[in-house]
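Peer 1:
Residue numbers (this note's numbering), protein chains in the order written: chain B, 447 to 499; chain V, 3 to 397.
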């Protein structure tokens with residue numbers, strides 16, 4: 447599963463960790479995050495994330 | 003601000019803030035700013051596009067009195083930030099029959115920040131149109147310039163586009179249009195550096211929404227409006243591109259002259275190598291000028307003395323600012339001076355956060371720069387020259 451990084455702040459979404467602040471279970475791929483999920487650090491939307499090369 | 007008729011039945015009714023000297027409590031505004039608001043008088047309905055900062059509420063209301071219109075049907079809110087939306091609650095009191103038109107994201111923010119009642123707000127989406135009779139508002143969403151909520155309107159009958167913060171400038175002027183783009187270019191760049199640069203991928207993407215309509219007049223919500231839109235569009239294309247200039251900026255602090263000596267030497271070494279260089283002594287610098295140079299400098303060199311067990315707090319602030327503005331800088335390094343050791347480089351490179359630059363070997367000197375240290379500075383200058391020459395993204 448691919449990690450995705452925020453293009454605005456240093457946060458990286460790691461699917462193996464999920465995002466406990468939004469009740470996202472570990473093992474959730476980025477693609478399966480709800481459309482209204484936002485960066486837990488700076489608040490931008492999913493459309494501001496890019497896959498980590 | 004006086005009332006201007008921009009084009010038939012479309013009026014500029016906003017306010018000039020000649021004396022504003024700081025925006026977001028962060029970036030100095032040497033030229034003041036304006037809060038632009040536009041009244042569109044169709045033959046059936048009337049709409050106001052964006053309002054003004056609450057400090058200039060009276061100017062807006064006075065201006066509206068100068069125009070003959072019957073009732074205000076729509077208040078278009080392109081962006082919920084208070085310098086454009088803060089007067090909407092007053093407008094709703096003065097024109098109780100009017101409806102606020104905005105998008106879903108902006109609606110949420112207007113309710114949360116200004117406590118505007120949900121029933122007073124109607125939603126538009128990408129591609130929606132509202133007719134004022136002989137004038138049509140066509141809405142397009144341009145999120146992340148610089149909030150998630152921003153949208154624009156194009157009025158085909160007059161070939162004019164209202165882009166809110168996008169493509170704006172902090173520039174107080176009594177003129178409606180600026181004849182010579184050079185007069186406003188620096189102000190627009192300063193504005194881009196602070197507001198748009200952290201979101202520059204979106205600032206670039208959204209250009210297509212402007213260009214596809216080929217507007218004859220572009221009316222942002224700060225600064226003069228453009229009757230030659232290609233000038234500001236081409237600036238945004240340049241600023242948001244991957245290309246940087248063969249330029250080094252050196253934000254630094256020197257307490258007793260050691261770092262000053264290092265910076266002076268480095269400046270000369272870079273000039274000798276044909277590289278443009280701009281040192282910024284952070285105790286005297288206008289941070290807006292520094293931010294503007296970050297827009298297209300290939301390299302940033304942070305210069306700091308050791309003090310209180312670490313890098314100088316003002317230089318840490320410089321690196322934090324670079325991290326927050328997230329420019330397209332390609333290379334980063336540190337020069338510094340110490341007396342008896344401490345953590346300087348790690349601290350400064352850590353604070354730049356998101357900035358995606360290759361770190362070149364730093365030059366940290368004990369005391370003043372001696373002969374052997376000059377050799378190390380030459381090595382850094384040579385590294386910078388080589389990197390710039392071999393990098394296709396450096397002009």
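Where a beta carbon is used, it is the ideal one built from N, C-alpha and C, also for glycine.
Given a cut-off of 8 Å, decide if residue 336 of chain V and residue 354 of chain V are closer than it, judged by their beta-carbon atoms.
Peer 2: In this structure, residue 336 of chain V does not lie closer than 8 Å to residue 354 of chain V by Cβ.
Peer 1: Based on DSSP bridge pairs, tell me the residues matched to residue 131 of chain V.
Peer 2: In the DSSP output, where bridge partners are listed per residue, residue 131 of chain V has V:140.
Peer 1: Residues in its own chain within less than 6 Å of residue 272 of chain V by CB, not counting five upstream and five downstream?
Peer 2: Same-chain partners within the cutoff: 250, 279 and 383.
Peer 1: With distances taken Cα to Cα, identify the nearest neighbour of residue 284 of chain V among V:270, V:257 and V:275.
Peer 2: Closest option to residue 284 of chain V, Cα to Cα, is V:257.
Peer 1: Round the Cβ separation of residue 402 of chain V and residue 27 of chain V to the nearest angstrom and send it over; I've been treating them as touching at under 8 Å.
Peer 2: Look at the range of chain V in this structure, 3 to 397, and you will see that residue 402 of chain V is not part of it.
Peer 1: How should residue 146 of chain V be labelled, buried or exposed, when 16 other C-beta atoms within 10 angstroms of its C-beta is the threshold for buried?
Peer 2: Buried, since its Cβ has 16 or more Cβ neighbours within 10 Å.
Peer 1: Verify whether the separation of the beta carbon atoms of residue 127 of chain V and residue 105 of chain V is less than 8 Å.
Peer 2: Yes, the pair counts as a contact, with Cβ atoms nearer than the cut-off.
Peer 1: Just to confirm my understanding: we take residue 426 of chain B, look at its own chain, exclude 5 residues before and 5 after, and list those with CB closer than 8 Å. What are they?
Peer 2: There is simply no residue 426 of chain B to check, as chain B begins at 447 and stops at 499 in what is shown.
Peer 1: If I'm right that residue 7 of chain V touches residue 160 of chain V with Cβ under 8 Å, what's the distance once you round it to whole angstroms?
Peer 2: That belief does not hold up - the Cβ atoms of residue 7 of chain V and residue 160 of chain V are roughly 11 Å apart, past 8 Å.
Peer 1: So for residue 282 of chain V, helix, strand or coil by DSSP?
Peer 2: Here residue 282 of chain V sits in strand by DSSP.
Peer 1: Are the C-beta of residue 244 of chain V and some C-beta of chain B separated by less than 8 Å?
Peer 2: Taking Cβ atoms only, chain B never reaches closer than 8 Å to residue 244 of chain V, which makes this a no.
Peer 1: Going by the DSSP bridge assignment, what does residue 299 of chain V pair with across the sheet?
Peer 2: Per DSSP, V:247.
Peer 1: Tell me whether residue 126 of chain V sits in a helix, a strand or coil according to DSSP, three-state version.
Peer 2: Residue 126 of chain V: coil per DSSP, three-state reduction.
Peer 1: With the cut-off set at 8 Å, would you say residue 152 of chain V and residue 166 of chain V are in Cβ contact?
Peer 2: Yes, they are a contact pair.
Peer 1: So residue 305 of chain V packs on residue 338 of chain V, CB below 8 Å; how close in whole Å?
Peer 2: Right, their Cβ atoms sit about 6 Å apart.
Peer 1: Could you give the residue range of the beta strand (DSSP E) that holds residue 359 of chain V?
Peer 2: Here residue 359 of chain V belongs to no beta strand (DSSP E), and DSSP marks it neither H nor E.
Peer 1: Skipping 5 residues on each side, what residues in its chain have a beta carbon closer than 8 Å to that of residue 90 of chain V?
Peer 2: Answer for residue 90 of chain V: 53, 77, 79, 102, 112, 116 and 118, listed in chain order.
Peer 1: How would you write the range of the alpha helix (DSSP H) that residue 90 of chain V sits in, first residue to last?
Peer 2: Unbroken alpha helix (DSSP H) run through residue 90 of chain V: 90 to 96.
Peer 1: If I follow the unbroken alpha helix (DSSP H) through residue 351 of chain V, where does it start and stop?
Peer 2: Segment 347 to 353, the alpha helix (DSSP H) holding residue 351 of chain V.
Peer 1: Start and end of the alpha helix (DSSP H) containing residue 263 of chain V?
Peer 2: Where residue 263 of chain V is concerned, the enclosing alpha helix (DSSP H) stretches over 260 to 274.
Peer 1: Using a C-beta to C-beta distance shorter than 7 Å, which residues of chain B count as neighbours of residue 200 of chain V?
Peer 2: The answer, in chain order, is 454.
Peer 1: Note down the Cα distance separating residue 198 of chain V from residue 124 of chain V, rounded to an integer number of angstroms.
Peer 2: Looking at the two C-alpha atoms, the distance is approximately 28 Å.
Peer 1: Using DSSP bridges, identify the partner residues of residue 451 of chain B.
Peer 2: Note: residue 451 of chain B sits in a beta bridge opposite B:458 and B:496.
Peer 1: Can you find the residues in the same chain that come closer than 8 Å, C-beta to C-beta, to residue 317 of chain V, ignoring five residues on each side of it along the sequence?
Peer 2: Within the same chain, residue 317 of chain V has close Cβ partners 253, 254, 255, 284, 304, 305, 306 and 350.
Peer 1: List the DSSP bridge partners of residue 319 of chain V.
Peer 2: Bridge partners of residue 319 of chain V: none, in fact.
Peer 1: Would residue 371 of chain V and residue 379 of chain V qualify as a contact pair, given that the criterion is a beta-carbon distance under 8 Å?
Peer 2: Yes; because the gap between Cβ atoms is below 8 Å, this pair is in contact.
Peer 1: Shorter than 8 Å from the beta carbon of residue 447 of chain B to some beta carbon of chain V?
Peer 2: No, because no Cβ of chain V sits closer than 8 Å to the Cβ of residue 447 of chain B.
Peer 1: Assess, as a yes-or-no matter, whether the stretch 322 to 337 of chain V is touched by the stretch 295 to 304 of chain V under the definition of 3 or more beta carbon pairs within less than 8 Å.
Peer 2: The answer is yes - the stretch 322 to 337 of chain V touches the stretch 295 to 304 of chain V, with three or more Cβ pairs under 8 Å.
Peer 1: Would residue 141 of chain V be called buried (16 or more neighbouring beta carbons within 10 Å of its own) or exposed?
Peer 2: By the neighbour-count rule (16 or more Cβ atoms within 10 Å), residue 141 of chain V is buried.
Peer 1: Consult DSSP for residue 176 of chain V and reduce its assignment to one of helix, strand or coil.
Peer 2: Coil.
Peer 1: With the cut-off set at 8 Å, would you say residue 97 of chain V and residue 73 of chain V are in Cβ contact?
Peer 2: Cβ distance < 8 Å, so residue 97 of chain V and residue 73 of chain V count as in contact.
Peer 1: Determine the chain V residues that contact residue 458 of chain B at a beta-carbon separation under 7 Å, and present them in chain order.
Peer 2: None at all; the shortest Cβ gap to chain V is about 11 Å.
Peer 1: Please report whether the beta-carbon of residue 491 of chain B lies at a distance below 8 Å from any beta-carbon of chain V.
Peer 2: Yes - at least one Cβ of chain V is within 8 Å of the one on residue 491 of chain B.
Peer 1: With 16 as the cutoff for other CB atoms within 10 Å, does residue 395 of chain V come out buried or exposed?
Peer 2: Residue 395 of chain V is exposed by the Cβ-count criterion.
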